[in-house]
Structure formats: C-alpha cells, structure tokens
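The structure appears below as structure tokens.
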Amino acid sequence: QTRSLLGVFEEDAAAISNYINQLFQAMHRIYDAQNELSAATHLTSKLLKEYEKQRFPLGGDDEVMTSTLQQFAKVIDELSSCHAVLSTQLADAMMFPITQFKERDLKEILTLKEVFQIASNDHDAAITRYSRLSKRKENEKIKAEVTEDVYTSRKKQHQTMMHYFCALNTLQYKKKISLLEPLLGYMQAQISFFKMGSENLTEQLEEFLTNIGTSVQNVRREMDCEVENMQQTIEDLEVASDPLYLPDPDPTKFPAHRNLTRKAGYLNARNKTGLVSSSWERQFYFTQGGNLMSQARGDVAGGLVMDIDNCSVMAVDCEDRRYCFQITSFDGKKSSILQAESKKDYEEWICTINNISKQIYLSENPEEIAARVNQSALEAVTPSPSFQQRHESLRPAVQSRPPAARTSSTGSLGSDSPALSALSLDSLVAPDTPIQFDIISPVSEDLPGQAKSSGQSGRRTNPFGESGGSKPETEDSILHQLFIVRFLGSMEVRCDESPDVVYETMRQILAARAIHNVFRMTESHLLVTCDCLKLIDPQTQVTRLRFPLPNVVLYATHQENKRLFGFVLRTSGGRVESRQTSICYIFESNNEGEKICDSVGLAKQIALHAELDRKASEKQKEIDRVKEKQQKELNKQKQIEKDLEEQSRLIAASSRSNQSSTEGQFVVLSSSQSEDSDLGEDGKKKRESEA
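Under UniProt numbering, the first residue of the sequence shown is numbered 1, with each subsequent residue one higher.
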C-alpha cells in the first residue's frame, strides 16, 4: 500500500513538472519577445483555462484553485492585446518564482527519488546478505557486521524515505505558490508598467488581486506549519522506530500474534533451478481469504501462489537457512518453501496459515474464534515432548484379535455424534495425558507393540526386493502397500471401541502443536502387510516402529480433512501392571487417509481369512490324525486276532502230534518189556545204557 501510494504521488509530481514546464515556456515567451507578447499572453490564458481539464491524482478536484485560475485567465485574455512587459520587471516579478520552483523544488524531488532508490537497493542487498547467514555459530564477527549493515541500511532507507515523503507532501503547497506568485507578479508588473486606468484595472480587480496575495501568504504559512509538524513527526518516528531497524527483534519485547487470519510481508521464496541447485527470490506475500498471494516490485496486482484451505504447514531445514517453513496443498501436489526474516514473522506466518487452513476466516469474528479455539485447546491439553517414562513400562504382547472399527462420517471434528453423547471426553482421553510428538528410536527405548524377536528391531529393508541371508518376515505376505506419512503425535487413551477417541486425539494433538509451536513432523514410509504395520525411514530404510496387525483394534480418518488418519494399538502392561493399555497414533498423509484405512481393513480381512484357513487346516489335520490312529488301532487289533488264530492252530497241531507220539511210546514200551523179559538182566542193563 505504501509503495502504491508513493507511485500516485510520483505520478502527481510528474504531472506537476510537465504542467509547470509548459507554463514556464509560456511565460518565457512573454519575457523573450515583446512582439509575441499578445500571443504568449493568450497561450498563458489558454493554459490557465485548461487547468480544470488536467488530471492531477491529488489535486484535480480543487474548485477554489480552478475558479481562481479561470478568473486570472479571463483577465489575462482581456489584457493580452495591449500589454507590453519590460524584461526586467518580468524577470523579477514573474520569471523568478516559477524558475525557483522548476530548478530547485522539482529537481529536489528528482534527487530525493534517486537517493531513495539507492537506499532501497542497499537495504535489499543487506537483507539478502543477512538471509544467507548460516545457523552455525562459527563466525560471530561476520554476523555482527552483516547485522550492523542491515541496521545502517534500514535506518538510512527510513530516513531518506521520510524526507522524500515530506518533500512530496510539501510539493502540493509549492505547486499552488508557484502557480499563483508568478501570476501575481505578472499582474503587478502590468499595473506598474502601463498604469492602467480605471477602465481596465478597476477596484474590483485590485481587490481580487489583494485577496489572491493574502491567500498565497496563508498557504505559505500553512505550508510552514505543516513542514514543522512533519519534521517533528520525523524526529518522533526516528526515536520510536529504532528497535524496528533490527532484522530479528527480541521476541520478549515484540511477541508473536498467534490468532491472526491475515498476514502480509516480505518472504524469501525458494525456486529450483536444476536437479540439485536452487535460487531464492525476495517478494511481497499476503493472504487473501483462503489464498496465498505474491506481488513482485512494480507489479500492479498480486498473483496466486496456492490455495491454502486445508493445507499443511511445517518447519523445515533448507540449505542451512533459518526460519524456513514449507506449505503443502491439500492434495499434496504443490508445495512451496519460504523463509521469514525474523522468528516473530516465522511463527506468525505458520500460525496464520494454520488458522486459515481451518477456514476460521469465513466466520464473522475470525480472530476471536481463533483465540477461543487456542485458549480452549490450551486448557484441555497438557502436552509432553516424550513418552519416555511411559514407554519404559510398556511391553509388547500379542492379544486376541478384536473386531476393528472404521468410520467415514461427514461431521466436524467437534460435532455431537450419538457415540460422543454417550461417552464424555474424559472417558475417551484422560485430561492430563502426555503427548509424544517425536518417534523414539527403537535402539534406545522399547516401543509399544513392537516385536522383540532377534534381528527385527532396526533391521534395514532392502529397497531392491532382494532377499539376504535371513528371510524377511513379510516375504510370504499377500499384501504390500507403501504410503508416505508424517507422524503428528500419539497419546494413551482410555477407550478403544469408538472412533470418537481417534477424533478427540486428533483434536488434542493438533491443538497442542499449534499452541506450543511444534511445527516439525517426521516423514516416514508406512508399509501395510498382512502381519503388521511398519514405519520405515525413507533415507536409511530402517524400521522405526512395528505394529502387529492383531493389536491394531481401531482405525479411522478425519471426518473433514481426509489427509489425517489414526489407529489405536492395544498393548499389555503400562502404568499399572497386568493391565492392557491403548495408544492412539495420529498421522498426516498426502490426501490418502481413506486409502490407508482401506488397506489396513483389507490386510485384517486377509489375515482373518488366513487365520480361518489355518484353523480349518489344523482341524482337518487333527481329524486325519484321529482317523489314522483309529486305523492303526484297528489294524493292530486285526493283527492280534490273526496271531491268536495262528497260535490256536499251532496249539491244536501240537496237541495232535503229542497224542500220536504218546501212543507210539506205549507200543514201543510194551514190545521192549517183552524183549527184556527174554534178554535177562544183562540185556536190560545194556538197553538202559543205550537209552
């Protein structure tokens, strides 16, 4: 606005200069040639009549000045045929005032304009060097020199600007004086030289000229008073503006306003010029409704940079520059990296864009609503930067698979749903529950829900899909889907049966981030498989967190902002031993919240069917084992019966053979007895010995 107004004043000065040059040439013709006096006087009268047709941006509607010049033009036109002005009188009374205005005042405006332009260029150069300062505290001398350079150039620019503006304001008074004094001198010279009688120079004309002289004196006194006031204002502004010359003022003396819904100022924009090279351009940025606009110096109007409704903004590290932040559009297709001049501007820009992204600006009192939202969030949330104490007591455990819930309702985050009316906010999330904004490394702390098998924590994922010495745990998984997500925070919740707990956790985490200036987010790759959810470092391919899929009992997307999603993980242990705890994790994606929830639901369905197939397979194997066991028992029984039959046959055969041998023994015994009776005693002894 200041530069646009300055352009109007400069345009007016150029118009005044153009008009004064024409008037000077006309009066110079009167001075140069008495023969052309009549024609020159007529031209002067004509130019005075055309004053009302001139388009002065600041003085075109001055009716008093117009009527006065019209009266002068009428008188001069009547006297143009009979006037002859001596050159000396014209030089003293007519040419001197307009020459002074042309040669001194107008040239002073041009000189101040050049000095102001040089001071502005020096200030831009100093700001550019200051913006390139590194965050490292390696050379404090260079930083002090650059800061002093910014201070000096800014002070010089401000002082030059104020004197330039003062000269432009004074020009409006000098314009009237420079127009009226030459005409007054001309008329007085005419009266003195010709001694016009009462026929031409009546008392009415003399009274008119006297009134004009009085008006000129009044204008001069008014100009002197205004110049004195402006000089005093300049001195006061110099004293009051001294702290503002510093590029990065003390935030304790100049705190950031976090309830703004409109913001304007100069920012450095990063433009990529190649694959790895980039350049920075300083432009004026401002918000207009839900749009971020930029306007280069000299442009008539601003141009659209991006739509910041439902956008995301976060602090980033970019090329070793301070106060950088990144704005990403709602669909994730467009992003812009900007650098603020000071920490105050840096925080105000981030807070303002956050407020605009929530569409608070559409309400009647946007700043009051923003202050009320931030105050209520401050009273409801007590965030903690880490969950270290709570994580020390958490231990992962595989629970029975509970039914997973997912919603996609279209209410606002704070809307009254039936479930929310049945469950109070305290029953969802404890009032003093700490919030974790960062992802704790699996090497340093035990993470909830993360498996403790050897070689699993911190294992690097092969980006080319080649298996190494050990077989990956997800190699046999049917589902492999990868999403880009940013971790917003997590906190322990009391309930894991209603999706309202996810909405309430989103509200508290987003409010806590806005209140406590936690703008940095960790970007990761979320891998969804049929066994678990994994957070993978995109740079090192190391698994940061692992969530067993059976422990994920609830997942949902934001009802309006589909880029936000979260899930609840149920684990054993916690603050009280032998008690299950539920932790809600909140993430931001590139407008893929519903896709991620659909992928998790598909993974759970696949895992459920796989579990059912496994149980059916185990049941069928058990039935086959029972049948096989029964068959073995039956075969064994048949073998026993067969052995018994064979044994009975052998016993029967043995009994028959024993019976026949007994009968033979009886026959031999009887015959031997008869023989013994014939042999006598010697024969008996011999037979016994043979036997």
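Idealized CB from N, CA, C, for every residue including glycine.
Cα-Cα separation between residue i and residue j, rounded to whole angstroms
| i | j | result |
| --- | --- | --- |
| Glu618 | Lys629 | 16 Å |
| Tyr186 | Ile16 | 21 Å |
| Val227 | Glu523 | 59 Å |
| Gln508 | Tyr151 | 42 Å |
| Ile583 | Asp299 | 53 Å |
| Phe194 | Ser38 | 15 Å |
| residue 692 | Val64 | Since the first residue of the chain shown is 1 and the last is 691, residue 692 is not available in this structure. |
| Met314 | Ser599 | 27 Å |
| Gly7 | Arg563 | 45 Å |
| Glu645 | Val626 | 28 Å |
| Glu592 | Val553 | 20 Å |
| Glu633 | Arg649 | 24 Å |
| Gln647 | Gln659 | 18 Å |
| Lys334 | Met306 | 8 Å |
| Thr474 | Gln541 | At Thr474 the pLDDT is 44, less than 50, meaning the model places this residue with poor confidence; the figure from the coordinates comes in the next sentence. Near 15 Å, if we compare the C-alpha coordinates of Gln541 and Thr474. |
| Ser80 | Ala73 | 10 Å |
| Arg108 | Trp280 | What sits at residue 108 in the sequence shown is Glu, not Arg. Rounded to the nearest angstrom, the two C-alpha atoms are 36 Å apart. |
| Ile308 | Pro57 | 37 Å |
| Asp62 | Arg372 | 49 Å |
| Thr214 | Ala301 | 45 Å |
| Gln359 | Gln232 | 44 Å |
| Val485 | Ala514 | 19 Å |
| Ala189 | Glu11 | 34 Å |
CB-CB length for residue i against residue j, believed under 8 Å
| i | j | result |
| --- | --- | --- |
| Ile356 | Thr287 | 6 Å |
| Ile478 | Cys530 | 6 Å |
| Asp77 | Ser45 | 4 Å |
| Tyr164 | Leu112 | 4 Å |
| Leu168 | Phe9 | 4 Å |
| Met506 | Gly566 | 6 Å |
| Met162 | Leu47 | Contact flag wrong, Cβ pair sits at about 34 Å. |
| Ala126 | Asp149 | 5 Å |
| Asn590 | Gly332 | 3 Å |
Alpha helix (DSSP H) segment containing residue i, residue limits
| i | result |
| --- | --- |
| Phe96 | Phe96 to Gln100 |
| Ile142 | Glu140 to Phe194 |
| Ser17 | Thr2 to Asp32 |
| Ala125 | Leu106 to Ser131 |
| Lys253 | Where Lys253 is concerned, there is no enclosing alpha helix (DSSP H), given that its DSSP letter is neither H nor E. |
| Ser67 | Glu63 to Leu79 |
| Ile435 | Per DSSP, Ile435 belongs to no alpha helix (DSSP H) and is neither H nor E. |
| Ala91 | Note, Ala91: premise wrong, no alpha helix (DSSP H); not H, not E. |
| Lys49 | Leu37 to Lys49 |
| Arg513 | Asp500 to Ile515 |
Neighbourhood of residue i by C-beta distance below 7 Å, restricted to the same chain and skipping five residues each side
| i | result |
| --- | --- |
| Phe101 | Ile20, Lys174 and Ser178 |
| Ile337 | Arg270, Val316, Cys318, Cys324 and Gln326 |
| Val219 | Tyr173, Lys176 and Ile177 |
| Asn517 | Glu347 |
| Thr547 | This sequence places Phe at residue 547; Thr is not what is there. Here the set comprises Gly449, Cys532, Leu533 and Leu569. |
| Met27 | Thr44, Met94, Met95, Ile98 and Pro182 |
| Ala370 | Asn259, Thr261, Asn355 and Ile360 |
Boundaries (first-last residue) of the beta strand (DSSP E) holding residue i
| i | result |
| --- | --- |
| His525 | Thr522 to Val528 |
| Ser342 | Per DSSP, Ser342 belongs to no beta strand (DSSP E) and is neither H nor E. |
| Ala269 | Ala264 to Lys272 |
| Asp307 | Gly303 to Asp307 |
| Tyr585 | Gln580 to Ser589 |
| Arg282 | Ser278 to Gln288 |
| Gln326 | Cys324 to Thr328 |
| Ile360 | Taken as a continuous stretch (DSSP letters only), Ile360 belongs to no beta strand (DSSP E), as it is neither H nor E. |
| Gln295 | Asn291 to Gln295 |
| Glu492 | Gln481 to Val493 |
Contacts around residue i, its chain only, beta-carbon distance under 6 Å, and the 5 residues preceding and following it disregarded
| i | result |
| --- | --- |
| Tyr361 | Thr261 |
| Ile439 | Phe487, Thr522 and Arg544 |
| Arg656 | none |
| His123 | Ser153, Arg154 and Gln157 |
| Lys272 | Ser278 |
8 Å Cβ shell around residue i - same chain, five flanking residues per side excluded
| i | result |
| --- | --- |
| Leu205 | Val75 |
| Pro97 | Ile177, Ser178, Glu181, Pro182 and Gly185 |
| Glu367 | Asn259, Leu260 and Thr261 |
| His480 | Thr474, Leu527, Val528 and Thr529 |
### Query
Taking contact to mean at least 3 C-beta pairs separated by less than 8 Å, is the stretch 263-272 in contact with the stretch 334-349?
Yes: at least three Cβ pairs fall under 8 Å.
### Query
Does the count of Cβ pairs from the stretch 249-261 and the stretch 321-328 closer than 8 Å reach three?
Judged by Cβ distances under 8 Å, the stretch 249-261 makes no contact with the stretch 321-328, as fewer than three pairs qualify.
### Query
Can we say the stretch 316-323 touches the stretch 131-142, given the rule of at least three CB pairs closer than 8 Å?
With a cut-off of 8 Å, the stretch 131-142 and the stretch 316-323 count as touching, because enough Cβ pairs lie within range.
### Query
Contact between the stretch 104-119 and the stretch 87-94: three or more CB pairs below 8 Å?
Contact fails: fewer than three Cβ-Cβ distances are below 8 Å.
### Task
Could you tell me whether the stretch 139-156 touches the stretch 42-57, where touching means 3 or more Cβ pairs closer than 8 Å?
Because the criterion of three Cβ pairs below 8 Å is not met, the stretch 139-156 and the stretch 42-57 do not touch.
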